[in-house]
Every structure is written in structure tokens, then in C-alpha cells.
Amino acid sequence: MGKQIRWLWENMDKPYRKRHIIALCICVTSCVLLLVNPALSRRLIDDVIMAQNPDPLMGILMLMLTVKLGREGMRYLMVIFLEKASQNVMFNLRRRLFEKMQYNDMRFFDSHRTGDLMTRMSADLDWCRHFLAYIDYRIIDAACTFLFATVYLTIVNWKLTLLLIAITPVLLLITKFFSKHVRPRFVFMREKLSEMNTAAQENIAGNRVVKAFAREEYEKERFEQKNRAFMDSHLRINKLWLTFFPMIELLVNAIQLVTVFVGGLFIIRGELTPGELAIFTGLSWAVSNPMRELGNLINDLQRFSTSAAKVMELHYGKPEIVDAPDAVAHERMQGRIEFDHVSFGIDSKPILSDVTFSVLPGQTVAVMGPTGGGKTTLIHLLARFYDVTEGQIRVDGCDVKQWKLKELRGGIGTATQDVFLFSDTVEGNIAFGNQALTIDEVKDFARRADAAEFAEKLPEGYDTIIGERGVGLSGGQRQRIALARALAVRPSILVMDDTTSAVDSETELYIQNQLHALPFPCTKFIIAQRISSMRDADLILVLQDGKITEQGTHRELLEKRGYYWQTYCLQYGIPMKEAV
Numbered sequence: 127m128g129k130q131i132r133w134l135w136e137n138m139d140k141p142y143r144k145r146h147i148i149a150l151c152i153c154v155t156s157c158v159l160l161l162v163n164p165a166l167s168r169r170l171i172d173d174v175i176m177a178q179n180p181d182p183l184m185g186i187l188m189l190m191l192t193v194k195l196g197r198e199g200m201r202y203l204m205v206i207f208l209e210k211a212s213q214n215v216m217f218n219l220r221r222r223l224f225e226k227m228q229y230n231d232m233r234f235f236d237s238h239r240t241g242d243l244m245t246r247m248s249a250d251l252d253w254c255r256h257f258l259a260y261i262d263y264r265i266i267d268a269a270c271t272f273l274f275a276t277v278y279l280t281i282v283n284w285k286l287t288l289l290l291i292a293i294t295p296v297l298l299l300i301t302k303f304f305s306k307h308v309r310p311r312f313v314f315m316r317e318k319l320s321e322m323n324t325a326a327q328e329n330i331a332g333n334r335v336v337k338a339f340a341r342e343e344y345e346k347e348r349f350e351q352k353n354r355a356f357m358d359s360h361l362r363i364n365k366l367w368l369t370f371f372p373m374i375e376l377l378v379n380a381i382q383l384v385t386v387f388v389g390g391l392f393i394i395r396g397e398l399t400p401g402e403l404a405i406f407t408g409l410s411w412a413v414s415n416p417m418r419e420l421g422n423l424i425n426d427l428q429r430f431s432t433s434a435a436k437v438m439e440l441h442y443g444k445p446e447i448v449d450a451p452d453a454v455a456h457e458r459m460q461g462r463i464e465f466d467h468v469s470f471g472i473d474s475k476p477i478l479s480d481v482t483f484s485v486l487p488g489q490t491v492a493v494m495g496p497t498g499g500g501k502t503t504l505i506h507l508l509a510r511f512y513d514v515t516e517g518q519i520r521v522d523g524c525d526v527k528q529w530k531l532k533e534l535r536g537g538i539g540t541a542t543q544d545v546f547l548f549s550d551t552v553e554g555n556i557a558f559g560n561q562a563l564t565i566d567e568v569k570d571f572a573r574r575a576d577a578a579e580f581a582e583k584l585p586e587g588y589d590t591i592i593g594e595r596g597v598g599l600s601g602g603q604r605q606r607i608a609l610a611r612a613l614a615v616r617p618s619i620l621v622m623d624d625t626t627s628a629v630d631s632e633t634e635l636y637i638q639n640q641l642h643a644l645p646f647p648c649t650k651f652i653i654a655q656r657i658s659s660m661r662d663a664d665l666i667l668v669l670q671d672g673k674i675t676e677q678g679t680h681r682e683l684l685e686k687r688g689y690y691w692q693t694y695c696l697q698y699g700i701p702m703k704e705a706v
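In terms of the working numbering, the sequence shown opens at residue 127 and continues consecutively.
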């Protein structure tokens with residue numbers, strides 16, 4: 127846990143560190159002031175009431191009031207300092223974690239659920255804040271209160287004090303047992319919370335699929351299971367706590383009974399004055415309350431430790447794909463692509479095998495093949511979302527591993543079939559990759575992607591908020607906005623992964639004509655299943671089971687009478703026997 131506390135401290139800005147230390151010093155000082163009023167109560171009883179001397183009465187009462195107000199004022203200031211320091215850490219951690227996630231590679235997102243990441247960024251982070259704003263000061267407060275009160279009571283009457291603290295070892299044993307058993311339960315509960323959040327996130331993101339298949343009842347049952355598992359894990363912790371807490375409470379109450387009973391005997395024997403007994407009754411809670419709070423503090427510490435470990439894993443995680451130390455800076459990308467005996471696999475499962483081809487700047491390469499053949503993987507490797515297992519991919523004659531990631535990906539514009547649009551305006555989505563675009567340029571790229579006509583008919587035109595993932599737009603409209611967004615960065619390499627799969631033939635032909643007349647040089651990398659989308663390509667690749675089985679132009683592939691020819695016959699309704 128010390129490592130986790132040091133990590134929080136490192137993420138606190140220096141001015142707030144000072145405030146945090148001041149707040150903890152105030153906490154210690156307030157614990158000292160806690161002893162003043164019981165001492166004044168002793169004087170009030172022994173020197174005023176028992177002595178029947180009213181002269182010091184007003185002075186004692188005013189001093190007690192002053193100490194009380196001063197202590198409350200100090201604690202008010204302490205809470206403000208602690209809260210500001212904890213919020214500073216939260217701000218820094220949120221910013222750094224978000225920055226971290228921007229540069230994590232695809233393998234990271236493949237292996238982490240969205241709901242789990244959201245839990246780490248919200249609930250887990252809040253427990254880190256809770257530690258700095260509450261838990262650490264409560265630990266110091268409890269320790270100092272117990273220590274100062276014990277020392278003071280020992281000075282007053284060591285025999286009675288010894289009886290009060292004799293129960294402490296028993297409390298420590300119970301607490302150790304509780305701590306040992308509660309931590310794994312908190313880890314388990316944290317995982318169940320993550321699973322529940324993931325189920326909720328997936329349902330919200332996939333609500334259209336749920337409705338399309340009328341699976342509302344199934345989703346309700348699925349979430350019910352996750353929700354109940356989280357509730358049960360919480361109840362198991364509470365059950366353990368309820369077993370532990372009565373024992374603590376019993377021992378704490380025993381301290382108060384001992385104080386009254388033994389203190390009374392000491393007064394009878396003349397070993398204690400009524401005022402001194404008032405000190406013991408007034409401070410017995412200062413000995414017992416820290417013990418009572420021990421269980422709560424351990425509870426909170428275990429939750430903090432579990433949550434902080436999850437956040438630290440995210441904070442210290444390093445992406446596998448980063449700029450090489452000797453990465454070369456480039457001017458504008460020319461667009462020459464070379465795959466040289468490229469193989470790739472994930473977890474020993476081969477996806478691509480010995481893929482070799484090359485494309486000159488300005489040319490168009492098209493890839494087709496059965497689903498799962500590795501077509502989309504090609505563009506992921508080109509943009510270096512993953513690194514090849516064997517072979518080499520070169521852009522403009524330079525290995526992609528020697529390119530700076532920002533320059534490599536900045537030169538590639540990508541539009542995919544599975545479109546993601548931000549909850550922003552049409553203009554904001556198109557200009558996402560190039561914020562310097564003017565509205566006229568945005569409209570020009572929308573026109574080239576055949577998105578201008580429907581965009582202008584929206585209620586607010588290009589200023590219309592289209593909602594998360596493009597809610598309210600058809601699949602074809604979302605694809606055209608995504609294509610306009612890809613064109614807007616004026617890429618040297620334009621990747622279109624089934625980008626026109628949801629548009630009609632007339633719109634597809636219009637887009638193809640626009641792509642031939644782009645106002646900037648551009649190599650086009652097209653993945654499609656329609657022959658009409660690729661027949662004019664300079665190079666067509668047929669990818670089957672991760673291997674290139676055919677390559678050439680449209681005419682050359684028809685002459686080979688292979689997969690491409692069969693697809694051509696099927697799409698154009700030509701009987702294969704007649705075609706032969």
C-alpha cells in the first residue's frame with residue numbers, strides 16, 4: 127500500500143502537497159486541543175463545584191468555548207485543504223490516464239473491456255480521491271487521538287489507564303483477522319462491478335441490435351445476473367463486517383463500563399477526584415472511538431488498495447507500438463506501398479502468410495476475398511496498429527517501424543464500413559482530422575463524398591448535431607460522412623474498407639468519379655466485395671485464408687477463371703458454363 131500512497135503523492139502538484147501537509151498538521155493540532163476541554167472540566171468540577179468557588183466559572187466557560195470554536199475552525203480549514211489536494215490529484219490522474227489511453231495500441235483495447243476501463247476512470251479513481259480527502263486524515267486523527275488521550279490519562283492515573291488499554295491487543299487480533307479475509311472479497315467485488323458496467327455499456331452501445339432481434343428479455347436477464355452477482359459480493363463483505371463489528375462494539379462499550387465502575391472505586395478509596403473521573407469519562411471515547419473506527423478504516427483501506435491497483439496498472443502500462451529511437455522524420459508521404467513477405471498472427475493463430483505486393487504513388491489497389499481472410503488486417507498493419515510477425519512493410523521505401531507514428535498515420539485517411547461518428551455537428555465530424563478546414567472546404571469534401579445533399583437538408587445544416595455514432599442517419603449517410611472525413615485530411619494513402627457497401631450503385635459511381643478527380647495526389651487502398659468498386663484498380667488482390675491467391679488487373683483476373691471470375695459471374699448474373 128505504501129507504493130500506492132507514493133504514487134498518489136507523485137501525482138499531486140507541489141502547492142497542493144504543502145496544503146495537504148498543513149491539513150494533516152492541523153489534524154494533529156486539533157487532537158491536542160481535544161485534551162483541553164476535559165482538563166478544564168476537571169477544574170470546573172474540582173475547583174468550582176466541589177470547592178463552591180464561582181469566581182473562575184466564567185473564565186473557564188469562555189476558555190472552553192474559545193477552544194471549541196478554534197478547533198472547529200481549524201478542522202473546517204483542514205477539510206478545505208484536503209479536498210482541494212484530492213481534487214488536484216483526481217484532475218491530474220484523469221488527464222494522464224486519458225492521455226495514456228490515446229497512445230495505447232490496439233492490443234490493449236482488444237484485451238480490455240470498455241466497461242472495465244470506464245470503472246477504472248470513475249469509481250476506482252474516486253476511491254483514490256477518497257483516500258486523500260478522508261481516509262488518510264482519519265487514520266492520523268484516530269492514531270493521534272488515541273495516543274494523546276492515553277498519555278494524558280496515564281499522567282492523571284496510570285492504573286485506570288492501564289485497565290482501559292488492556293483490551294487493545296484483543297482488538298488488534300480481531301482487526302488482523304478481518305483485514306486478511308476482507309481484501310480478496312473486495313477484489314472479487316471490484317471484478318463483479320466491472321462486469322456489470324461492461325454489460326450495461328454493451329447494451330447501450332448495441333441497443334439497435336437488441337431491438338432488431340427482440341432480445342430485450344434476454345438482456346434483462348443477463349444484466350440481472352451481473353447485478354445480482356455484484357450485490358451478492360457486496361453482501362458477503364457486509365456479512366463479514368457484521369460478524370466483526372459487534373465484537374469491536376462490545377469491547378468498546380466494555381471500556382466505558384470499566385471507566386465508570388473502577389473510577390468510582392478509586393474515588394471511594396481517595397485515589398481519584400471527581401474532576402479526574404470527569405476527565406476519564408470525557409476522554410474514554412477518545413480511547414474507544416479509534417478502536418471502533420478501526421474496522422471502518424480497514425474496510426476503506428482495502429477498497430482503496432484494490433481500486434488504486436487497477437488504476438496504477440492503467441497508469442504504468444506501456445504500449446508495445448511506439449516510435450523507434452531512430453525513427454526518421456519525413457516530408458509529405460508520397461504513397462508508395464510495399465508488402466515484402468509479410469506474415470502476421472495473434473496468440474500463435476496465423477492471420478496473414480507471406481503476403482507480397484507493391485503499389486506505386488497514385489495507383490489504386492483493391493483487395494477482395496472471403497470473410498475472415500485477413501483483408502482488414504492488411505490496413506491495420508499498414509497503419510501500424512499491429513507489428514508484423516515476419517517480413518516488412520515499407521511506405522515510400524522506408525519500413526513503417528522507422529516512421530514516426532504521427533506522420534505515418536497522419537498520411538493515411540481511413541473510412542471503414544463500421545462507421546464511428548462523434549456526438550458533434552456534421553461539420554465537426556468531417557473536420558475531425560483537420561481542424562483548420564474552412565466551412566467551404568468542409569462542404570467541398572462533403573460534395574465529393576456525396577454527403578452534401580442530405581447534410582444541407584438536415585434541420586441545422588452542417589451545424590446539426592448528429593448524435594453518438596450518427597444516430598438519426600442511415601448507414602449509407604454515415605459512410606459518406608466517414609469518407610468525407612477521410613478525404614478532409616488530404617491523405618497520401620486513402621483506405622476504404624467496404625466504405626460504399628451501404629450506398630446504391632448510382633451513388634457509388636458518383637463517388638468513384640470524384641475519387642478519380644481529387645485535388646491532391648493519393649494512393650487508394652480499397653477493400654470491397656463489389657466488382658464495380660474495384661474493376662478500374664491498377665492492382666486487384668484476392669486474399670483467401672491469409673494468402674494472396676490471385677493478383678492482377680480486372681481483365682487479367684477474369685482470364686484466370688479463379689475466385690475473382692466466379693464472383694464476377696455471380697454478381698452480374700452470368701452462368702459460369704456460358705461464361706466459359
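Ideal placement from N, C-alpha and C gives every residue a C-beta, glycine not left out. Computed from a prediction, not measured in an experiment: that's the story for all the values here.
Going by beta carbons, L665 and V491 fall inside the 7 Å limit. Rounded to the nearest whole angstrom, the C-alpha separation of L508 and C151 is 57 Å. Only buried fits Q603, as 16 or more other CB atoms lie within 10 angstroms of its CB. Between the C-alpha atoms of L420 and T301 there is a straight-line separation of about 7 Å. Assignment of C153 by DSSP, reduced to helix, strand and coil, places it in the helix class. With a beta-carbon spacing of about 49 Å, R429 and V521 fall beyond the 8 Å limit used to define contacts. Apart from sequence neighbours up to five positions away, the residues of its chain that approach R143 with a beta-carbon distance below 8 Å are W135, A211, ordered along the chain. In the structure shown, the three-state DSSP call for D630 is coil.
Put simply, of N364, F651, R606, K530 the residue whose alpha carbon is nearest the alpha carbon of Y636 is R606. Under the three-state reduction of DSSP output, H506 falls in the helix class. The residue among T515, E516, R611, Q528 with its C-alpha nearest the C-alpha of G554 is R611. Distance check between D449 and each of E321, I175, V413, K532 places K532 closest, using alpha-carbon atoms only.
For K673, the three-state secondary structure derived from DSSP is strand. Looking only at H456, V545, V485, the smallest Cα-Cα distance to I519 is reached by V485.
In this model, R661 and L684 are separated by some 10 Å (Cα to Cα). At least 7 Å separates the beta-carbon of F356 from that of A325.
Shown here, P476 sits in a strand according to DSSP, grouped into three states. By the neighbour-count criterion, in which a residue is buried when 16 or more other Cβ atoms sit within 10 angstroms of its Cβ, H467 is exposed. In this structure T287 touches L279 by the C-beta definition: roughly 4 Å separates them, less than 8 Å. V493 sits close to I653, with the two beta carbons spaced by under 7 Å.
Around the beta carbon of K650, 16 or more other beta carbons sit within 10 angstroms, so the residue counts as buried. Per DSSP, reduced to three states, the secondary structure at K444 is coil, with no helix or strand assignment. V215 is positioned such that its CB atom lies no closer than 7 Å to that of L159.
Per the DSSP secondary-structure output, W529 pairs in a beta bridge with V454. Pairing F470 with M232 gives a Cβ-Cβ distance that is not under 7 Å.
Excluding sequence positions up to five before and after A628, its CB lies within less than 7 Å of the CB of G601, G602, Q605, all in the same chain and listed in chain order. Per DSSP, reduced to three states, the secondary structure at I653 is strand. Note on geometry: alpha-carbon atoms of E676 and W691 lie some 10 Å from one another. Straight through space, the alpha carbons of L166 and I175 are spaced by roughly 12 Å. In the DSSP assignment, A663 falls outside any alpha helix (DSSP H), carrying neither H nor E.
Spatial neighbours of N353 in its own chain (CB-CB distance under 7 Å, excluding positions within 5 residues in sequence) are listed in chain order as M322. In the three-state reduction of the DSSP assignment, V621 falls in the strand class.
Minimum Cα-Cα distance from A435 among the listed residues M622, I293, W253, K140 corresponds to W253. The continuous beta strand (DSSP E) containing M494 extends over residues 490-494. Ranked by Cα distance from M190, the first of L161, K569, Y202 is L161. By the Cβ rule, the region 267-277 does not count as touching the region 375-391, because fewer than three pairs are nearer than 8 Å.
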